[in-house]
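S.K.: Residue numbers (this note's numbering): 57 to 539.
Glycine included, each C-beta is placed from N, C-alpha and C at the ideal position.
All figures in this text were calculated on a predicted structure; none of them were measured in a lab.
I'd like to ask you about the structure that follows.
The structure is reproduced here in structure tokens:
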């Protein structure tokens, strides 16, 4: 049966496990995107989620014809998938959009890159074909993130009747960084994105970067940004050189928030209370600085630790009076640069503990286990939340901690976080590169009077819950209906 609402994302709402006896068991998928979209799609019972089979068990489920309602998994060749996901999406597009390149050495676009790009094209093609097969006449298709940047353009050619949106959960690169891509690749990327009726971002900073990049001529036409509309939305009028008719792409902003009631309920489950008791025993009567991140290069964990070390050096009065709870979950360990970064984070934490620690006090408590219950317990305990990414599409941690903090927390937030646009009035904002400024902000946060901290937390929580996942999703559906 054809679907009227379809979502396409690399990761699906569930994954499979293969037992020793060959039985398949479905379990809920992980990640913030999955959680947010799952909540939103619960309001769309006839919607279809198209995703990639990520594991051998997922692929076996596809081969056996095992199907969960509302989900279609694509069995993409593992080598093609690895080249598309690790080779292009995570090693090229992620680095481009987050400005992470070590410029004297990177990027290098050689024959190996060209082969991986073919895989990225094939991977996007598989999604476009599946969407074209499953969509009802005039259906709404919501494509998610940088993994699937080419899907809108190809799907537009396959099914011009569809309403198509693309939402990018990362930042969008400045035109200087996008210009690093080979000219033909950059053109393919922009043409793919401009196949959408609506292109969405978390903030106007990223939307404006996309608009700037859209000024560039490509081999198939010209994309020209026009003036903002009365509603604050902007649109791009696309004039292609090929046979596709003149059309336009709207550019809109939907700053994803959190579901406050659901998050608070999760944060007060028995297992979270158990983790909280353990953390309280470890921290004692000291203040706590909390960060929760994947060991992702853009999260800037190293400079955060350096700022904490500088705090203990320049403000020795905090020694033995504060503990830094740093949850740093390993990320993308298939890539050597991420393995090296994860090791560096652990080594720096050990150095700080060796330099300042005493028999009764460990300055940094690092957790490298992906333990959501422990993270929620740390949120509740936080006196100070440290969120200092170099560039981040949104960073929901900055929104989650104020929502569930038991006694209120001071938020130290970098200007590189997408959440900065909404939270900057009540956060202590810092440059992600300025270690000294961050150390001083930590001092101010730790010294903040309880009543001020409480009032700031209330306003932060209100901003954080302004557009929860269900409203975020339905707002995009409404925009597609009007496109």
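(1) Taking residue 72 as the reference, give the member of 57, 113, 106, 255 with the closest Cα.
(2) Do the segment 61 to 70 and the segment 181 to 199 meet, that is, are 3 or more Cβ pairs less than 8 Å apart?
(3) Have a look at the DSSP bridge pairing and note the partners of residue 510.
(4) Taking the CB atoms as reference points, tell me whether residue 494 and residue 444 lie closer together than 9 Å.
(5) Exposed or buried, which one is residue 496 when buried takes at least 16 other CB atoms within 10 Å?
(6) Quick check: what's the CA-CA separation for residue 312 versus residue 128?
(7) If distances are taken between C-alpha atoms only, which option among 341, 487, 460 comes closest to residue 416?
(8) Where do the N-terminal and C-terminal ends of the beta strand (DSSP E) with residue 107 fall, by residue?
(9) Put residue 380 into one of helix, strand or coil per three-state DSSP.
(10) As a quick exercise: from 461, 440, 460, 509, pick the residue whose alpha carbon is nearest that of residue 469.
(11) On the DSSP bridge list, what partners appear for residue 267?
(12) Mapping DSSP to helix, strand and coil, what is residue 345?
(13) For the pair the segment 421 to 439 and the segment 328 to 343, tell me if three or more CB-CB distances fall below 8 Å.
(14) Where residue 142 and residue 505 are concerned, what is the direct C-alpha to C-alpha distance, given to the nearest angstrom?
(15) Indicate the three-state DSSP secondary structure (helix, strand or coil) for residue 532 in the structure shown.
(16) Look at the Cβ atom of residue 123, then the Cβ atom of residue 68, and state whether they are nearer than 9 Å.
(17) Quick one, are the C-beta atoms of residue 378 and residue 338 less than 9 Å apart?
(18) Per DSSP, what kind of secondary structure is residue 193 in: helix, strand or coil?
(19) Could I get the ranges of all uninterrupted alpha helix (DSSP H) runs contained in the segment 430 to 510, with 4 residues as the minimum, in chain order?
(20) Look at the alpha carbon of residue 235 and the alpha carbon of residue 397, and state the distance between them as a whole number of angstroms.
(21) Count the other C-beta atoms from every protein chain shown that fall within 10 angstroms of the C-beta of residue 219, then say buried if there are 16 or more, exposed otherwise.
(22) Could you check where the beta strand (DSSP E) with residue 117 kicks off and where it finishes?
(23) In chain order, what residues of the same chain have a beta carbon less than 7 Å from the beta carbon of residue 375, not counting five sequence neighbours either side?
(24) Do the CB positions of residue 500 and residue 454 come within less than 9 Å of each other?
(25) Taking a contact to mean a Cβ-Cβ separation below 9 Å, would you say residue 526 touches residue 315 in this structure?
(26) For the putative contact between residue 130 and residue 159, defined by C-beta atoms under 8 Å, what is the C-beta separation to the nearest angstrom?
(27) Going by C-alpha to C-alpha distance, which of 423, 138, 266, 402 sits closest to residue 390?
(28) Classify residue 165: buried if its beta carbon has 16 or more other beta carbons within 10 angstroms, exposed otherwise.
(29) Quickly, what does DSSP pair residue 72 with across the bridge? List them, please.
(30) Classify residue 414 as helix, strand or coil using the three-state DSSP reduction.
(31) How many Å lie between residue 433 and residue 93 at the Cα?
M.R.: Judging by the given coordinates:
(1) 113
(2) yes
(3) Per DSSP, none; premise fails for residue 510.
(4) yes
(5) buried
(6) 25 Å
(7) 341
(8) 104 to 108
(9) strand
(10) 440
(11) BP columns for residue 267 are empty, so no partner.
(12) strand
(13) yes
(14) 46 Å
(15) helix
(16) no
(17) no
(18) strand
(19) 453 to 460, 476 to 479, 491 to 503
(20) 27 Å
(21) buried
(22) Taken as a continuous stretch (DSSP letters only), residue 117 belongs to no beta strand (DSSP E), being part of the alpha helix (DSSP H) at 112 to 120.
(23) 368, 412
(24) no
(25) yes
(26) Not confirmed; about 36 Å, so no contact.
(27) 138
(28) exposed
(29) 82
(30) strand
(31) 24 Å
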